[in-house]
Amino acid sequence: MGKERVWEQDFIIDRLTNSIINTISGDTFPTEVSHLSKNDLKSISKKKGWNFNWRSEFDDLTKEVYKLTIVNNPNIIQGLLSITVEADHLFMNLLESAPFNIGKDKLYEGVAGNLVAYACKVSFQKGFEGYLAFTAKVQLIEHYETTLGAYHFRNQRMIIETEPAKFLVEKYFKT
Numbered sequence: 001m002g003k004e005r006v007w008e009q010d011f012i013i014d015r016l017t018n019s020i021i022n023t024i025s026g027d028t029f030p031t032e033v034s035h036l037s038k039n040d041l042k043s044i045s046k047k048k049g050w051n052f053n054w055r056s057e058f059d060d061l062t063k064e065v066y067k068l069t070i071v072n073n074p075n076i077i078q079g080l081l082s083i084t085v086e087a088d089h090l091f092m093n094l095l096e097s098a099p100f101n102i103g104k105d106k107l108y109e110g111v112a113g114n115l116v117a118y119a120c121k122v123s124f125q126k127g128f129e130g131y132l133a134f135t136a137k138v139q140l141i142e143h144y145e146t147t148l149g150a151y152h153f154r155n156q157r158m159i160i161e162t163e164p165a166k167f168l169v170e171k172y173f174k175t
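Residue numbering for the sequence shown follows UniProt numbering, beginning at 1 and increasing consecutively.
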């Protein structure tokens, strides 16, 4: 069996919000994160503008895959997240905003930040004190340091430690 591919994260944190914000109206919408279902996969494909093969993430039993939706609108997926539970931290395999939430004409801001905050929340729930690791594209390392408070560990590995994780969770998830 070949070595599993490690994706270099290239999501952009456009804005840290407490929800997602419609870029046209400025209205904010509360969100919820839930497990991706097999039925959801019908709307997620490269033909529909998604960049990654989410079916392979979903089929890998070592990974947990989540979707971000607007409260009371569960059929439109705003973004996706794949994480793996490691021995002492959570690893973010992949994060992708929906095709309509990418670029200068995106419909909603705050999607990527919302999903990163959720991964930090899961890390706290699993007893990892918020620790979240991921592999970044080289050109985005400084962006993640600035926007997420991530620590550049070595090579392309980034780590979000307890304090920045707590900040993100409190920003998005009122406790």
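Ideal placement from N, C-alpha and C gives every residue a C-beta, glycine not left out.
Values in this document were obtained by computation on a predicted structure and should not be read as measured data.
- When secondary structure is reduced to three states using DSSP, F153 falls in the strand class.
- Cα atoms of N53 and N114: separation of roughly 21 Å, rounded to the nearest angstrom.
- Closest in C-alpha terms to K121, from the list Y144, I102, T135 and V169, comes V169.
- In the structure shown, T162 falls within a helical segment according to DSSP collapsed to helix, strand and coil.
- Ranking L16, T69, D60 and F167 by CA distance to the CA of N93 puts D60 first.
- Selection L140, K126, I44 and P164 evaluated against E86 yields K126 as nearest (Cα-Cα).
- Out of N22, P30, I13 and T23, the CA that lies nearest to the CA of K174 is found in P30.
- DSSP places Y131 in the coil class of the three-state scheme, outside both helix and strand.
- Taken atom to atom, the span from the alpha-carbon of K104 to that of F128 is near 36 Å.
- For F91, no alpha helix (DSSP H) run applies; the uninterrupted beta strand (DSSP E) run containing it begins and ends at L90 to S97, by DSSP.
- Remark: C-beta atoms of L90 and L36 do not approach each other more closely than 8 Å.
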